[in-house]
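Okay, so the sequence shown: first residue is 514 according to the numbering used here, each after it adds one. Using N, Cα and C, we set each Cβ at its ideal position, and we do this for glycine too.
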Amino acid sequence: MDSADEDDIIITVQMLSKLVLVNLNLKTSLSEVRKKLEKISEVKMNDTFSFAMMTDNNSSTGGSLLAVIAREDEVKIILDKIIDKKSKTLYLSEPDWRFFKDKNKLEYGRSVTLERAKNRAFTIVDCEMDEIDDGYEKSQIQINSGEDMVIKNDRLLIADIDIPNFAKLGVSIGNSNTKNSNVATSLNYNIIEYKKRSLRLKLEPTKEFIEAITDVINSNDPRKFKDVIIDFGQFIPKEIILGGKACFISNENSEKNSEENAGEYSANIGAQVLNMKFGKKSSRPLNTSNSSKYQSFKLFGGKQFSSSNFDEPVWVESLNDFKCWSCINFKDPVNVFQILPEDLRKQILLLVGKKILYTNTEYYTLGFGFSIFCHRPRIHHTFKLNIPKNILEILQHKDTECSVFATVIDKKEKDILNCQVICSQNEDPRLKIHCIQKKFRKRKLMIEWKIIDFDGDFQELISGKIFKESDQPLTGSSNPCRILVCWNRTNSNNAPNH
């Protein structure tokens, strides 16, 4: 038998998630074995895998450890030197999500500026790590002058965070240090992304976070939640995208009187918060007219370059090392209070109270009393309240505890008016206004109404606008014709009649 054939044996390739049987030659270099395993459909070896060898642990605990083979040594080492001779097993080491957890402090909450909180709020009890196929993306974002300029600096820093989902947290995305003037400015972002892995996190609150929440509840002072937010953050992303991102920013101003300190702001936040390494930022004028352009350059992850010597192929090659990956996208951000146990969430809601979901003022001219056109006097009018669809969905939810407050004002007359909020299950709220009078008369009425409910998504709490139901009564005149009626969703079968 040929000696080469003798060296061909069935070897068990052990990965993190499965075992695969592969026919390999013991005398082949690891660099050649890598090429073969790249073509095996059940292995699909890529640059994030490393060959490893089982070694004895010399510590007092005993046991064995996997020693990873350096990539540059693969061409020198043959397969026979590293496999487990007894079990004929080849070990492949994959990046562990715990490495990224520790490197990027993924168990810590974040502020709206992505500043990491000082105390750990959560524990990652499980993580689903998936490879991203064809993660290359090239895009361009243009931000013109106006209100978009307020978010231009943070938008880059949050590394393409999902802005609509982020807004659901009840926080605004803006840089308060930006000073506006009558400057027509536009920014062009040319972005290159290489997405390598996605991490989906299963989180549980830490004992320290729960104790801090419990202390505030026991104090009966909701203003102390401000300290909890400072210590533990406003939100935490439940999905992280790892890889590299290169950003090229061109800035064009048509006037000179613009003052911004965004350069320092962004560099400070980015460096300490995201563990993102910034390349040297260059600013160079492209012409000397009233319209001036500046080029900015930033790198997230991978080998670092300045804007003058950026080498994309070399940078991309450096991303083959998972230790060079950075967080380039925060997805599915969730309010830190929403991950708490249900009983604690309910206690927080009771302490903070309800918030105004919607308020509106409507004006009607309504006739009451006997009329020559009617056999009976007109003593009431009923009409639907103009409520947006999203608020109606909340009202119709079976677990809602909404209340509807309505005020009817007739400033000219002093006759007594009665009203009733009617809303049975699966029906939109209606307002019925009663007025008993002998002579027919039209009244010009102002109807002010509000819908309030508990802050189930904790938006008011996170944004710092803590609202207690008793703090803001409905406004209105002291005129005796001003009446207030309240309807509670939880007691809809017994709507009040005043």
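Judged by DSSP secondary structure, E855 falls within the alpha helix (DSSP H) whose first and last residues are E855 to V865. Taken in chain order, the unbroken stretches of beta strand (DSSP E) that lie wholly in the region 562 to 621 and span 3 residues or more are 563 to 569, 577 to 581 and 602 to 606.
DSSP places C936 in the coil class of the three-state scheme, outside both helix and strand. In this structure, the CA atom of P942 is about 14 Å from the CA atom of N903. In the three-state DSSP reduction, N822 falls in the coil class, being neither helix nor strand. DSSP places L832 outside any beta strand (DSSP E), giving it a letter other than H or E.
By the C-beta density criterion, D824 is exposed, having fewer than 16 other C-beta atoms within 10 angstroms.
As a beta-bridge residue in DSSP terms, I754 pairs with S711 and N842. The residue among F967, E587 and L898 with its C-alpha nearest the C-alpha of Q933 is L898. Non-local C-beta neighbours of N833 in its own chain, meaning closer than 6 Å and more than five positions away in sequence, comprise D560, ordered along the chain. In this structure, the straight-line span from the alpha carbon of D734 to that of L864 is close to 8 Å.
Annotated as proximal: K844 and E752, with beta-carbon spacing under 8 Å. The continuous alpha helix (DSSP H) containing I743 extends over residues F738 to F745.
The three-state secondary structure of L944, taken from DSSP, is strand. The alpha-carbon separation between L908 and V829 amounts to approximately 52 Å. In chain order, I645, G648, I754 and G756 place their CB closer than 6 Å to the CB of K708, counting only its own chain and leaving out the 5 sequence neighbours on each side. Segment contact: the region 535 to 550 against the region 581 to 596, three or more CB-CB distances shorter than 8 Å; contact assigned.
Just so you know, the alpha carbons of V535 and S600 end up roughly 14 Å apart. Judged by DSSP in its simplified three-state form, K631 adopts strand.
Looking at the DSSP output, C760 sits in a beta bridge with I704 and K811.
By the criterion of a C-beta distance shorter than 7 Å, G746 is surrounded in its chain by Y621, G622, R623, S624, A630, A634 and V849, once the five residues flanking it on both sides are discounted. Judged by DSSP in its simplified three-state form, S732 adopts helix.
Non-local beta-carbon contacts of D643 in its own chain, meaning distances under 6 Å to residues more than five positions away in sequence, involve S711 in chain order. The beta carbon of Y877 lies closer than 6 Å to those of L958 in the same chain, with the five residues before and after it left out.
For E545, the secondary structure class from DSSP, reduced to helix, strand or coil, is helix. Nearest neighbour of G815 by Cα position, chosen from F835, S809 and I726, turns out to be F835. Assignment of Q655 by DSSP, reduced to helix, strand and coil, places it in the strand class. In this structure, the alpha-carbon of V526 lies about 21 Å from that of E585.
A direct Cα-Cα distance of roughly 13 Å separates L862 from T727.
Rounded to whole angstroms, D968 and I852 show a C-alpha spacing of 15 Å.
Comparing alpha-carbon positions, the option among I522, Q972 and S819 lying closest to P846 turns out to be Q972.
The continuous stretches of beta strand (DSSP E) do not include D647, and DSSP gives it neither H nor E. Contact between D966 and L905 is ruled out by a C-beta separation of about 13 Å, above the 8 Å threshold. Assigned with DSSP and collapsed to three states, I900 falls in coil, not helix or strand. Membership of Q527 in the beta strand (DSSP E) is indicated by the continuous run D521 to Q527.
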